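Take a look at the structure set out below.
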Amino acid sequence: MDPVAAKYLGAGLACLGMGLAAMGVGNIFGNFVAGALRNPSAAAGQFTNAIVGAALAEGLGIFALVVALVLLFVV
Amino acid sequence: MATNTTQGTQVPSKGGFPAFRVETYGSQLLWLAIAFGLLYFVMARFIAPRIGGILEDRATRISGDLAAAQAMKAEADAATLSYEKALAEARASSQAIAAETRAKITAEADAERKALEAKLAADLAAAEAQIGSARAAAMGNVRSIAVETAEAIVERLAGTGADAARLEAAVDAVLKR
Amino acid sequence: MADPIKQFELVPIVPITIGTGDFSFTNSALHMFIIVGLTAAFLLLTTSGRRLVPTRMQSLAELTYEFVAGTVRQTAGTDGMKFFPLVFSLFMFVLLANLVGMFPGAFTVTSHIIVTAALAMLVISTVIIYGIWKHGTHWFALFAPSGLPKVILPLIVVIEVISFISRPISLSLRLFGNMTAGHIALKVFAGFVTAMAGAGALGFIGAALPIFMITALTALEFLVAVLQAYVFTILTCIYLNDALHPGHH
Numbered sequence: 023m024d025p026v027a028a029k030y031l032g033a034g035l036a037c038l039g040m041g042l043a044a045m046g047v048g049n050i051f052g053n054f055v056a057g058a059l060r061n062p063s064a065a066a067g068q069f070t071n072a073i074v075g076a077a078l079a080e081g082l083g084i085f086a087l088v089v090a091l092v093l094l095f096v097v
Numbered sequence: 002m003a004t005n006t007t008q009g010t011q012v013p014s015k016g017g018f019p020a021f022r023v024e025t026y027g028s029q030l031l032w033l034a035i036a037f038g039l040l041y042f043v044m045a046r047f048i049a050p051r052i053g054g055i056l057e058d059r060a061t062r063i064s065g066d067l068a069a070a071q072a073m074k075a076e077a078d079a080a081t082l083s084y085e086k087a088l089a090e091a092r093a094s095s096q097a098i099a100a101e102t103r104a105k106i107t108a109e110a111d112a113e114r115k116a117l118e119a120k121l122a123a124d125l126a127a128a129e130a131q132i133g134s135a136r137a138a139a140m141g142n143v144r145s146i147a148v149e150t151a152e153a154i155v156e157r158l159a160g161t162g163a164d165a166a167r168l169e170a171a172v173d174a175v176l177k178r
Numbered sequence: 732m733a734d735p736i737k738q739f740e741l742v743p744i745v746p747i748t749i750g751t752g753d754f755s756f757t758n759s760a761l762h763m764f765i766i767v768g769l770t771a772a773f774l775l776l777t778t779s780g781r782r783l784v785p786t787r788m789q790s791l792a793e794l795t796y797e798f799v800a801g802t803v804r805q806t807a808g809t810d811g812m813k814f815f816p817l818v819f820s821l822f823m824f825v826l827l828a829n830l831v832g833m834f835p836g837a838f839t840v841t842s843h844i845i846v847t848a849a850l851a852m853l854v855i856s857t858v859i860i861y862g863i864w865k866h867g868t869h870w871f872a873l874f875a876p877s878g879l880p881k882v883i884l885p886l887i888v889v890i891e892v893i894s895f896i897s898r899p900i901s902l903s904l905r906l907f908g909n910m911t912a913g914h915i916a917l918k919v920f921a922g923f924v925t926a927m928a929g930a931g932a933l934g935f936i937g938a939a940l941p942i943f944m945i946t947a948l949t950a951l952e953f954l955v956a957v958l959q960a961y962v963f964t965i966l967t968c969i970y971l972n973d974a975l976h977p978g979h980h
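Following this line, the structure appears as structure tokens:
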């Protein structure tokens, strides 16, 4: 295979990880909202935890983005 | 898109993604250290103490005002308490005075009543004695009238004067019944 | 179409070379000083009155202060307040860097991995140095949670060490990735607008679609700019908590 083509294919595949991270973040906030609707008084205290969890899940998606960027521009 | 991006990577003079270009790191680190150090210095030296001081002043002011309000409320409570105490004392003393007066008046009335009763009893006794003597006198009068009447009746019936001694004895016998 | 990467290009303003190294005063350095200046101006000028009853701008500065102070107290405890100037500096620097970067033509300082990595390393080295200085060898109990069977302890220690090392990496990459990806997305959609508008009347009308997309993305990017500053701050507080109270996390 042409190395340049393989590079772009790899970058595109790496970006799949970002979509999966999006699922993770959506899962966290979806569950947060579902819990907040059940017990709105407890929602304010858990918002920080939701943000931190979303940040950690999103960070792994950003790793995938960095892999894509490295493939595109560095390798 | 793809072709444009590849063009983009080729066109810049140094090439590659700007964030991954190691030769720029020295300059960025130096100026970041200077800028962030400056920010930290200003923050630690001026900003944080100032805003923290403002917030602390406000907190002490509010708590001081609350404490003053509390003290004033306690003072007002104490004043109310002493007022109520004075009121209760006054009520108690007025009640004591009233009771004393009542007792005095009652004693006086009693004494007067007793004196009056004694006088009335004495008057009653005197009147009874008078009545007794009057009755005795009246009884005496009844005997003499009865004797005279009997004498007159005897004289009328018999036509002659009766023996006075026998008449008197007969009247006495009747009166004794 | 314009190159979406060009916005991250460093342009030397005052070329400075020390030895063999290039220490030029670039547009990035200029924006760093703009950020520091804006932060200091906002926080110092609005509070210069030191009013008991704050003006609108002073209450804005107080609100920012209280927000960060509340985050520090909540996650790192009251003794975490000794790190407050550091955390507040980091929060204001990242927030202003992200927001200044949203202006058209402005440079986003936090879109360079070396900047975010330096900030993350600052946090982590503060955690390590303060933790060891304060707790000595007890600080390393952070990597060996108490009450574990001896058999799985080596495994847990390895996992904990890896998770600790990954902290500065994820902290720096998250901010860098969010800023870079957001700005590239904006530029790509802006490129669609010019490409479509140049392709005849139908394309000119169709260019409205990417414009709507840019509008929505710009709003999202403002949200991301503020959110990432908050995330950076709260993770800093959580990591500082490990330096202050190792063993119970």
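From first to last, the protein sequence lines stand for chains A, B and C. In the working numbering, each residue carries its 1-based index in the first sequence increased by 22. In the working numbering, each residue carries its 1-based index in the second sequence increased by 1. In the working numbering, each residue carries its 1-based index in the third sequence increased by 731. Heads up, the beta-carbon is just placed ideally off N, CA and C, and yes, glycines get one too. Values in this document were obtained by computation on a predicted structure and should not be read as measured data.
* To do: Report the option in I860/C, L966/C, M944/C and P835/C whose CA atom is closest to the CA atom of A77/A.
  => Distance from the Cα of A77/A is smallest, within the candidate group I860/C, L966/C, M944/C and P835/C, for L966/C.
* When the distance is taken between beta carbons, is T61/B closer than 8 Å to L741/C? -> Result no, Cβ atoms of L741/C and T61/B do not sit closer than 8 Å.
* To do: Check the Cβ-Cβ distances between A77/A and every residue of chain C, and say whether any is below 8 Å.
  => It does: the Cβ of A77/A has a partner Cβ on chain C nearer than 8 Å.
* To do: Answer yes or no: does any C-beta atom of chain C fall closer than 8 Å to that of F85/A?
  => Yes - at least one Cβ of chain C is within 8 Å of the one on F85/A.
* Comparing the C-beta of V846/C with each C-beta of chain A, is any distance below 8 Å? -> No, no contact with chain A.
* CB contact flag (T777/C, M763/C, <8 Å) -> In this structure, T777/C keeps its C-beta atom at 8 Å or more from the C-beta atom of M763/C.
* Asked: Out of curiosity, what's the CA-to-CA distance linking N5/B and S903/C?
  -> For N5/B, the predicted structure reports a pLDDT of 42, less than 50, and the residue's modelled location is therefore unreliable. A value from the coordinates is still provided. The C-alpha of S903/C is placed about 29 Å away from the C-alpha of N5/B.
* Asked: Comparing alpha-carbon positions, which option in F923/C, A912/C and A921/C lies nearest E18/B?
  -> A quick correction: the sequence has Phe, not Glu, at residue 18/B. Check the Cα spacing between F18/B and each of F923/C, A912/C and A921/C: the tightest is with A912/C.
* To do: Answer with buried or exposed for Y961/C, where buried requires no fewer than 16 other C-beta atoms within 10 angstroms of its C-beta.
  => Counting Cβ neighbours within 10 Å, Y961/C comes out buried, since at least 16 surround it.
* Any chain A beta carbon closer than 8 Å to G17/B -> Closer than 8 Å: yes.
* Asked: Enumerated in chain order, which unbroken segments of the beta strand (DSSP E) with a length of 3 residues or greater are wholly contained in the region 829-874 of chain C?
  -> As for any beta strand (DSSP E) of minimum length 3 sitting wholly inside the region 829-874 of chain C, there is none.
* To do: Please name the residue, chosen from S28/B, L33/B, A104/B and A137/B, that lies closest to A849/C on a Cα-to-Cα basis.
  => Ranking S28/B, L33/B, A104/B and A137/B by Cα distance to A849/C puts L33/B first.
* Asked: Mapping DSSP to helix, strand and coil, what is G752/C?
  -> In the displayed model, G752/C falls within a strand according to three-state DSSP.
* To do: Starting from the C-beta of T7/B, find all residues in its chain whose C-beta is less than 6 Å away, skip the five residues before and the five after it, and write them out in chain order.
  => With a pLDDT of only 41 at T7/B, under 50, the local geometry of the prediction cannot be trusted, and the value read off the model is given with reservation. Within the same chain, no residue comes within 6 Å of T7/B by CB-CB distance, once the 5 residues on both sides are set aside.
* What residues in the region 46-72 of chain B have a beta carbon less than 8 Å from any beta carbon of chain C? -> Using a CB distance below 8 Å, the part of the region 46-72 of chain B facing chain C consists of F47, I48, A49, R51, I52, G53, G54, I55, L56, D58, R59 and R62, ordered along the chain.
* To do: Tell me, please, which residues DSSP counts as bridged to P977/C.
  => According to DSSP, P977/C bridges with nothing at all.
* Asked: Does the pairing of the region 908-924 of chain C with the region 85-92 of chain A give three or more beta-carbon distances under 8 Å?
  -> In this structure the region 908-924 of chain C touches the region 85-92 of chain A; the number of beta carbon pairs closer than 8 Å is three or more.
* Quick one: grab the DSSP three-state call for P743/C. => Residue state, collapsed to three classes: strand.
* **V745/C versus I887/C, F756/C and Q738/C, residue with shortest Cα-Cα distance** => Out of I887/C, F756/C and Q738/C, the CA that lies nearest to the CA of V745/C is found in F756/C.
* Asked: Smallest Cα separation from G53/B: which of G801/C, T839/C and A807/C?
  -> Residue G801/C is the option with its Cα nearest to G53/B.
* Asked: Looking at C-beta atoms only, is the number of pairs between the region 866-873 of chain C and the region 924-940 of chain C that lie closer than 8 Å three or more?
  -> Between the region 866-873 of chain C and the region 924-940 of chain C there are fewer than three inter-stretch CB-CB distances shorter than 8 Å, so the stretches are not counted as touching.
* On the three-state DSSP scale, how would you describe T757/C? -> When DSSP states are grouped into helix, strand and coil, T757/C belongs to the strand group.
* Could you check the C-alpha separation between E891/C and G878/C for me, to the nearest Å? => Their backbone Cα atoms lie some 15 Å apart in a straight line.
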